[in-house]
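In this note's numbering, the protein residues as written are -2 to 66.
The C-beta atom is built at its ideal place from N, Cα and C for all residues, glycine as well.
Note that this is a predicted model, so its numbers are computed, not measured.
The next block holds one structure in the form of structure tokens; read it before the comments.
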């Protein structure tokens, strides 16, 4: 498992869950199922078998601050 990496798609235009999601806060950064965002829940779920240093989010520069939260 030393060569397994994860790429998380964490961006969007905020159209699918509008009006909850917006271009500034797309679906991955919404708390839809509890107190964690979808992005946080995904990182937590896969970090049980992939180290965090091998988990890479794919996002736009516009969403970097939200992802770092």
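Query, Result
"Rounded to a whole number of angstroms, what is the C-alpha to C-alpha distance between residue 14 and residue 26?", "11 angstroms"
"Specify the secondary structure class of residue 14 as computed by DSSP and reduced to three states.", "coil"
"Should residue 4 go down as buried or exposed, given a rule of 16 or more other Cβ atoms within 10 Å for buried?", "exposed"
"Hey, residue 55 and residue 6 are a contact pair by Cβ (cut 8 angstroms); roughly how many whole angstroms apart?", "5 angstroms"
"Spatial neighbours of residue 9 within its chain, please: C-beta separation below 6 angstroms, excluding the five flanking residues on both sides.", "23 and 24"
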